[in-house]
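*Asks:* The opening position of the sequence shown corresponds to residue 326 in the numbering used here, with each subsequent residue numbered one higher.
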Amino acid sequence: MAGIGRLARYGLTQPCPDDLALWDAQAQRPADEEAALVLEQIGRAADPDLALRQLHRLFERDPSVLAELGAEEDLRIRLITVLGASSALGDQLAAIPKGWQALTHTIPPRYEVHSGLSDVAALRAAYQRGLLRIAAWDLADDTDIEAVMTEITALADATLRAAYRLALRRVSSRPRLAVIAMGKCGGGELNYVSDVDVIFVAAEDEDLTDATTVAAALMEICGSVAWPVDAALRPEGGRGPLVRTLASHQVYYKRWARTWEFQALLKARPVAGDAGLGKAWLAGLQPLVWRAAERPEAVEDVRKMRRRIIDQIPPAEVDREIKRGPGGLRDIEFAVQLLQLVHGRADETLRSGNSLQALRALVSGGYVGRQDGKALEAAYRFLREVEHALQLQRLRRTHTVPIDPPALRWLARALGLTAESFRATWVAHAAEVRRLHAKLLYRPLLAAVAKVPADGLSLRPDAAQRRLELLGFADPKGALRHIETLTAGVSRTAAIQRTLLPVLLAEFADSPDPDAGLLAYRQVSEALGSTPWYLRLLRDEGPVALRLARVLDSGRYLTDLLSRDPEALRLLADDAELRPRSAQSLLDGMAGGAGAA
326 MAGIGRLARY GLTQPCPDDL ALWDAQAQRP ADEEAALVLE QIGRAADPDL ALRQLHRLFE
386 RDPSVLAELG AEEDLRIRLI TVLGASSALG DQLAAIPKGW QALTHTIPPR YEVHSGLSDV
446 AALRAAYQRG LLRIAAWDLA DDTDIEAVMT EITALADATL RAAYRLALRR VSSRPRLAVI
506 AMGKCGGGEL NYVSDVDVIF VAAEDEDLTD ATTVAAALME ICGSVAWPVD AALRPEGGRG
566 PLVRTLASHQ VYYKRWARTW EFQALLKARP VAGDAGLGKA WLAGLQPLVW RAAERPEAVE
626 DVRKMRRRII DQIPPAEVDR EIKRGPGGLR DIEFAVQLLQ LVHGRADETL RSGNSLQALR
686 ALVSGGYVGR QDGKALEAAY RFLREVEHAL QLQRLRRTHT VPIDPPALRW LARALGLTAE
746 SFRATWVAHA AEVRRLHAKL LYRPLLAAVA KVPADGLSLR PDAAQRRLEL LGFADPKGAL
806 RHIETLTAGV SRTAAIQRTL LPVLLAEFAD SPDPDAGLLA YRQVSEALGS TPWYLRLLRD
866 EGPVALRLAR VLDSGRYLTD LLSRDPEALR LLADDAELRP RSAQSLLDGM AGGAGAA
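(1) How is E545 classed by DSSP in three states: helix, strand or coil?
(2) Please classify A346: does DSSP put it in a helix, a strand, or coil?
(3) May I ask you to list the residues that DSSP assigns as paired with F525?
(4) List the DSSP bridge partners of T725.
(5) With a floor of 4 residues, list each alpha helix (DSSP H) that falls wholly inside the region 767-854, ordered by position along the chain.
(6) With DSSP as the reference, identify every bridge partner of A597, one or two as the case may be.
(7) Would L364 and L347 be called neighbours here (beta carbons separated by less than 7 Å)?
(8) Which term fits T812, buried or exposed, when burial requires 16 or more other beta carbons within 10 angstroms of its beta carbon?
(9) Report yes if the CB atom of V711 is closer than 7 Å to the CB atom of G698, and no otherwise.
(10) Distance check for A820 and R685, CA to CA, integer angstroms please.
(11) Would you list the one or two residues that DSSP bridges to R354?
(12) In whole angstroms, what is the alpha-carbon distance linking Q426 and A527?
(13) If R628 and L766 are in contact, beta carbons under 8 Å, what's the gap, nearest whole angstrom?
(14) Skipping 5 residues on each side, what residues in its chain have a beta carbon closer than 7 Å to that of F384?
(15) Within the same chain, show all residues whose beta-carbon is closer than 7 Å to that of A327, passing over the 5 residues directly before and after it, in chain order.
(16) Would you mind sorting S677 into buried or exposed? The rule is 16 or more other CB atoms within 10 Å of its CB.
(17) For the alpha helix (DSSP H) that H430 lies in, which residues bound it at each end?
(18) Looking at the secondary structure, which residues open and close the alpha helix (DSSP H) in which Y452 lies?
(19) Going along the chain, which residues of its own chain have a beta-carbon closer than 8 Å to the beta-carbon of V693, five neighbours each way excluded?
(20) Look at the alpha carbon of K592 and the alpha carbon of S411, and state the distance between them as a whole number of angstroms.
(21) Please tell me whether G368 has its Cβ less than 7 Å away from any Cβ of chain C.
(22) Could you give the C-beta distance for G409 and A371, rounded to a whole number, given that I count them as a contact under 8 Å?
(23) For I470, which residues from the same chain have a beta carbon less than 8 Å from its beta carbon, with the 5 sequence-adjacent residues on both sides left out?
(24) Cα separation between G851 and P891?
(25) Is D555 helix, strand or coil when you go by DSSP?
(26) Measuring straight from C-alpha to C-alpha, what distance separates Q575 and V849?
(27) Okay, do the region 512-520 and the region 469-486 touch, 3+ Cβ pairs below 8 Å being the bar?
(28) To the nearest angstrom, report how far apart S855 and R458 are at their CA atoms.
(29) Ordered along the chain, which non-local residues of its own chain (more than five positions away) have a Cβ less than 6 Å from that of R759?
(30) If you compare alpha carbons, which of A739, Q366, A870 and A396 is closest to L843?
(31) What residues in its chain sit with their C-beta under 8 Å from that of A789, if we drop five residues either side in the sequence?
(32) Might you give, ordered along the chain, the residues of its own chain that have their beta carbon closer than 6 Å to the beta carbon of G368, omitting 5 neighbours on each side?
(33) Start and end of the alpha helix (DSSP H) containing V661?
(34) Could you say which of D636, R632 and F525 lies nearest to E561 if we only look at CA atoms?
(35) Going by beta carbon distance, what residues of the same chain come within less than 7 Å of A617, once the five residues before and after it are set aside?
As structure tokens, this is what we get:
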């Protein structure tokens, strides 16, 4: 072994093994030009020492790897980047003769496991090659996190289908069985190490016995090959049968399903088995999903479930948990999913199982502010990148940021950051997510929208006029003209008005003169149309919209006041400003004003 010396410039703290012949210890320089290229790439790895140790292991088993690395730039970048980021993938490469050669190919990883696999061992090897290629593509090419999640999910889909084909060999018949992907797999956003959530659906009672055998075999195969398959999201959870018929599922969800079970169905996606059966299952349950928010307890159920998840985190880990902890991924997902359940009843553009796609649709539809949406997407992407880096290191399921300084430095370097900049970025994202989670999940308008029947959320002329008649408007056609004026076009202002008006109409209906209230609201909206914060205030800030609706039919005074002084609207957001004041405090206030004049 040679000493360290100038090797430290490559980020190394250990000597370079002599048999690798990368370093000329006497001259204190790389042995040759190709060795310099290898060492420079090692210096760029998340953990240069780990990359060097693992490269040495591969070299001991196959000396040809070093010559290939010197000659092939793409292979050099991919392989050394992987070796420095993941001890687990290094172990896999060392255990498979010529396994590193998988990184010389560019075949999409998902096609590794599409067909032609004879047994479980072949499927396992194909899955490992596929995951290795994704990791190399992710790490070496700085691939967008969304594309990485899509590719990991595609690999999981192909693995489930291959496992299903192998599982069918366990039975003599061919039962009609559909495998429904749930959770992150259903949403197309899997990470590197995760259980894959599924629900199994049989067509008829006569399919149940063999379908259950196939389902159990599929779980066994996938557990041996890649990851545990978790069927706990099925009706009745672990207490219920592993496989139910289509009819049994429909009965359960109609009669007994709880709000969180409908929330879980937002990500449901048929993935393997009988495709027609899977589509029929999904089509039968979708109407129930989009009525779930109308339950009196639905909004509070989602809020309680989020609090319960936080309560289950060990106290020592709660501030370091990037998935379940406050300011973590679950805060973003729960806010997005509750908004989907409430607003997706009438707006089909929100019905995506993918968190980022759903968030973008919520922003596009005016349900979430553009800056809020941008902040949530940036935080989601950052937290998923952290999660991937943590899991890749040892291919273990973890979501906890380390506190040990060397481990924290390694994580930061894997993300291209210093430890200080990583912590600052993480803290900033977490604080913003906590703020926006509270703002969106506990928005008073949300519960009010949930109480409006789904058909009442539609502002199409025919549906809106019928609703106006039922709400007691004396001039439904005139009221409809006000609505059409406020919601015309594709502007963001019109989109936000389409969100607000169904709730405001119900508030106007409870007033002595609904028509006057709606007219006054139109006049205020037109007067304040150029005020950038007006509609954002109504949508986002506490009970302002509902309070405004309750007072607008009281006469011209408030309409004129707001036209002259828009800032007065902010008083409706402040409970303290709305409390009755004593005569003395009013006199003092007037005296102070007179003195200032």
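Here a beta-carbon is modelled for each residue, glycine too, at the ideal position from N, C-alpha and C.
*Replies:* Checking against the coordinates, here is how it stands:
(1) helix
(2) coil
(3) V504 and V568
(4) E646
(5) 769-776, 786-796, 801-812, 817-834 and 839-852
(6) V504
(7) yes
(8) buried
(9) no
(10) 14 Å
(11) D349
(12) 42 Å
(13) 6 Å
(14) L345, V390 and L391
(15) Low confidence applies here, because A327 scores a pLDDT of 46, under 50, leaving its location unreliable and the question unanswered by this model.
(16) buried
(17) Where H430 is concerned, there is no enclosing alpha helix (DSSP H), given that its DSSP letter is neither H nor E.
(18) V445 to A465
(19) L664, L684, L687, L701 and L765
(20) 30 Å
(21) The structure shown contains no chain C; it holds only a single protein chain.
(22) 5 Å
(23) R706, R709, E710 and H713
(24) Per the sequence shown, the amino acid found at residue 851 is Glu instead of Gly. The straight-line gap from Cα to Cα measures roughly 12 Å.
(25) strand
(26) 47 Å
(27) yes
(28) 52 Å
(29) P651 and G652
(30) A870
(31) S783, L805 and I808
(32) Y335 and G336
(33) L654 to H668
(34) F525
(35) T584, F587, A623 and L666
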